[in-house]
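Residue numbers (UniProt numbering): 1 to 287. Structure first, commentary second.
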């Protein structure tokens with residue numbers, strides 16, 4: 001119902017300025033090089049003010065922020081209703097925290113901290129010696145905290161990978177103690193509990209989304225994301241090349257997943273459905 005009230009907001013935004021709407025969250029942004037282009041954002045904000053007054057829909061100024069991106073960004077100040085919009089170094093958007101360097105370190109630290117807090121609470125109040133009970137609890141209440149929208153923030157930094165994995169290492173170690181099981185290395189505990197590493201699961205999440213994009217299960221346009229296909233090989237029809245990379249984009253979903261996709265076998269890539277593709281991924285070693 002709320003969409004009825006805000007759907008026309010995009011009509012007042014100048015050409016060249018992008019707007020994204022989700023429920024009552026609005027993002028307005030502009031990639032610019034010249035001073036005149038920079039002014040377009042200020043124009044967009046003035047138009048939003050007028051739209052707000054016209055429809056008597058208040059804007060939460062105290063919940064409005066500006067995140068400057070790019071090392072050469074002049075970091076202009078912006079105002080709305082005569083209030084200077086607060087500049088932030090990072091921001092939470094739809095549950096994901098991202099900083100002004102397009103890094104997700106803060107987000108990863110937050111979910112790790114929250115996962116440990118929840119684990120400690122659960123270990124304190126739940127009394128069980130059945131591994132099946134503990135795994136059900138883990139899959140229902142803890143692991144989802146570590147795997148919310150991982151395609152967005154999945155990391156290639158070894159320190160962050162290890163920090164995330166330690167959460168599952170900690171949980172499985174405590175479960176073995178509570179169930180009076182002998183101490184085993186992490187890999188053996190995973191095998192006994194029928195779990196995968198969190199790192200491997202994130203790779204599967206990445207590749208699943210890639211499969212959906214390539215095969216039209218997603219609204220994301222293949223042609224806007226990839227050069228596909230251009231590599232000459234026996235499997236060239238099934239290989240994709242990501243567009244030009246820079247230091248910021250090299251670890252993005254597109255670039256990190258393209259490398260994994262291109263080493264998959266033809267039989268896996270040509271899976272008939274997302275479920276078939278997922279099952280094949282689980283049976284192979286992803287490197």
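Glycine included, C-beta positions come from ideal geometry on N, C-alpha and C.
Exposure of residue i, with buried meaning 16 or more beta-carbon neighbours within 10 Å
i           : result
residue 261 : buried
residue 60  : exposed
residue 233 : Low local confidence applies: a pLDDT of 49 at residue 233 is under 50, so the model's placement there is unreliable, with the coordinate-based value given in what follows. When all chains shown are included, residue 233 counts as exposed.
residue 120 : exposed
residue 268 : buried
residue 226 : buried
residue 43  : exposed
residue 125 : exposed
residue 206 : buried
residue 182 : exposed
residue 172 : buried
residue 66  : buried
residue 294 : In the structure displayed, the chain extends from 1 to 287; residue 294 sits before or after that span and is not available.
residue 115 : buried
residue 138 : buried
residue 258 : buried
residue 108 : buried
residue 264 : buried
residue 15  : exposed
Contacting residues, own chain, Cβ-Cβ under 8 angstroms from residue i (five flanking each side not counted)
i           : result
residue 9   : 19, 21, 26, 48, 51
residue 80  : 45, 48, 49, 59, 61, 64
residue 104 : 96, 97, 98, 152, 153, 155
residue 194 : 135
residue 38  : 30, 32, 74, 76
residue 78  : 41, 42, 45, 66, 84, 85
Residue i, enclosing alpha helix (DSSP H) - first and last residue
i           : result
residue 48  : 35-55
residue 206 : 198-214
residue 93  : Run containing residue 93: none in the alpha helix (DSSP H); it sits in the beta strand (DSSP E), 90-93.
residue 85  : Note, residue 85: premise wrong, no alpha helix (DSSP H); not H, not E.
residue 276 : 274-282
residue 167 : 158-178
residue 251 : Where residue 251 is concerned, there is no enclosing alpha helix (DSSP H), given that its DSSP letter is neither H nor E.
residue 121 : 105-125
residue 289 : The question about residue 289 has no answer here: the residues shown for the chain are numbered 1 through 287.
residue 186 : 186-193
residue 150 : 150-153
residue 266 : 266-269
residue 69  : Taken as a continuous stretch (DSSP letters only), residue 69 belongs to no alpha helix (DSSP H), as it is neither H nor E.
residue 240 : From DSSP, residue 240 is part of no alpha helix (DSSP H); its letter is neither H nor E.
Own chain residues within Cβ distance below 6 angstroms of residue i, not counting five before or after
i           : result
residue 75  : 68
residue 13  : 19, 44
residue 217 : none
residue 94  : none
Endpoints, the beta strand (DSSP E) within which residue i is located
i          : result
residue 21 : 18-22
residue 29 : 25-29
residue 98 : 96-99
8 angstroms Cβ cutoff met for residue i and residue j
i           : j           : result
residue 190 : residue 164 : no
residue 256 : residue 102 : no
residue 301 : residue 28  : With the chain represented from 1 up to 287, any question about residue 301 goes unanswered, as that position is not in the structure.
residue 169 : residue 186 : yes
residue 167 : residue 112 : yes
residue 199 : residue 161 : yes
residue 118 : residue 150 : no
Cβ neighbours of residue i in the same chain (closer than 7 angstroms, five flanking residues each side left out)
i           : result
residue 123 : 174
residue 231 : Model confidence at residue 231 stands at a pLDDT of 46, short of 50, so the residue's coordinates are unreliable; what they give is reported in the following sentence. So the list reads 239, 241, once near-sequence residues are dropped.
residue 106 : 90, 97, 99
residue 272 : none
residue 158 : none
Any non-hydrogen atom of the ligand SAH closer than 7 angstroms to residue i Cβ
i          : result
residue 91 : In the structure shown, the ligand SAH is absent, as is every other ligand, since no ligand is present at all.
Handout entry: Contact between the segment 197-214 and the segment 272-284 (3+ Cβ pairs under 8 angstroms)
Key = Between the segment 197-214 and the segment 272-284 there are three or more inter-stretch CB-CB distances shorter than 8 angstroms, so the stretches are counted as touching.
Practice task
Would you check if the segment 130-141 and the segment 171-188 touch, i.e. whether three or more CB-CB distances between them fall below 8 angstroms?
Solution key: yes
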